[in-house]
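Numbering (the UniProt record's numbering), first residue to last: 1 to 292. Note that the Cβ used here is the ideal one computed from N, Cα and C, for glycine as well.
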């Protein structure tokens, strides 16, 4: 019996190789035999669980690889359409407007001249919308000048549109990072500012961008009413893409994503993405009372 107790204690501690000595056919011997069979079944179950876990991890790896490829293809298509709208469609409309102006100047009839001027104004309005759409799809400045200039340009338009003051703390010169990381951070920033407008009633936003411990870190802090844990649960139940889309973008690049209500009020978003995928990120922040 002492041997059985010792083996049971060892197995409960994780040593599944231990076996009880079944030296008799009495009740203790039968109990020892049943105990050994249970230990064998545990090993078999653990082996099966480990196999299933490896299969699951492989499927998750393949899923992440596929999502990255899909995101990359999506961004390439956005970039292509944006360039086409900017270079071809915009130029065609500009030429059309010039033609309308020439015809209006040469028109003898006042009614015809007014019609041509109206057509030119409509074309000018369409041109503005097309240029806005091209920037929405993929801002050329992101590819031509880098992440920080693109963020500054977007902040300028954001302030003009919504009247919310935005303060940016970032290096003077652009940060040398790969295109995927730059696009991910830009998309996350835009989505986070959209969330501020929709959900927080904030009047001021502070954005930080810095390099730390082989990572690039983006922070967005607003002075709104804050986000509570039930807001995240509600977003999860409603399958809202915005919040979890940001999280997915960061994690696909080996990064981390946190959103929390701060002690001084408002909501703070913290995204850290490693400059090299094989390295992790440590942002040195206490993430208690956070949603990730």
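Checklist entry - Comparing the C-beta of residue 122 with each C-beta of chain B, is any distance below 8 Å? => result Of the protein chains in the structure, only one exists, and it is not chain B.
Checklist entry - Measuring CA to CA, which of 92, 172, 119, 272 is closest to residue 103? => result Across the set 92, 172, 119, 272, the C-alpha of 119 shows the shortest separation from the C-alpha of residue 103.
Checklist entry - Touch check for the segment 103-112 and the segment 212-230: three-plus C-beta pairs under 8 Å? => result The segment 103-112 and the segment 212-230 do not touch, with fewer than 3 CB-CB distances between them shorter than 8 Å.
Checklist entry - In the structure shown, what three-state DSSP assignment does residue 208 receive? => result In the structure shown, residue 208 falls within a strand segment according to DSSP collapsed to helix, strand and coil.
Checklist entry - Are three or more beta carbon pairs between the segment 77-97 and the segment 136-149 nearer than 8 Å? => result Contact between the segment 77-97 and the segment 136-149 is present, because at least three Cβ pairs lie under 8 Å.
Item to check | Straight-line gap, residue 276 to residue 182 (C-alpha atoms, nearest Å) | outcome: Distance from the CA atom of residue 276 to the CA atom of residue 182, rounded to whole angstroms, is 13 Å.
Checklist entry - Nearest to residue 133 by CA position, among 99, 114, 82, is which residue? => result Checked all of 99, 114, 82; the closest Cα to residue 133 is 82.
Checklist entry - Taking C-beta to C-beta, are residue 192 and residue 253 nearer than 8 Å? => result Remark: C-beta atoms of residue 192 and residue 253 do not approach each other more closely than 8 Å.
Checklist entry - By Cβ distance, which residues of its chain are closer than 7 Å to residue 113, with the 5 residues on each side in sequence left out? => result For residue 113, where only same-chain residues beyond five positions count, the Cβ hits under 7 Å are 104, 107.
Checklist entry - Whole-angstrom Cβ separation of residue 97 and residue 116, contact assumed at under 8 Å? => result About 10 Å; that fails the 8 Å criterion.
Checklist entry - Could you give the distance in angstroms between the alpha-carbon of residue 198 and the alpha-carbon of residue 70? => result A direct Cα-to-Cα measurement between residue 198 and residue 70 gives close to 28 Å.
Next on the checklist: Determine whether the beta carbon atoms of residue 123 and residue 93 lie at a separation below 8 Å.
Outcome noted: Yes, Cβ-Cβ distance for residue 123 and residue 93 is below 8 Å.
Checklist entry - Under the DSSP definition of a beta bridge, which residues are partnered with residue 165? => result BP columns for residue 165 point to 204.
Checklist entry - Considering only the beta carbon of each residue, do residue 185 and residue 271 sit closer than 8 Å? => result Contact: yes.
Checklist entry - Roughly how many angstroms separate the alpha carbons of residue 131 and residue 47, rounded to a whole number? => result So the two alpha carbons sit approximately 59 Å from each other.
Next on the checklist: Looking only at its chain, what residues have a beta carbon closer than 6 Å to the beta carbon of residue 165, apart from the 5 residues adjacent to it on each side?
Outcome noted: Answer for residue 165: 204, listed in chain order.
Next on the checklist: Could you check whether residue 227 and residue 259 sit closer than 8 Å to each other, using their CB atoms as the reference points?
Outcome noted: Contact: yes.
Next on the checklist: For residue 272, list the residues DSSP reports as bridge partners.
Outcome noted: Answer is 217, 256, bridged to residue 272.
Checklist entry - In chain order, what residues of the same chain lie with their CB nearer than 7 Å to the CB of residue 90, ignoring the 5 residues before and after it? => result Hits under 7 Å: 127, 130, 131.
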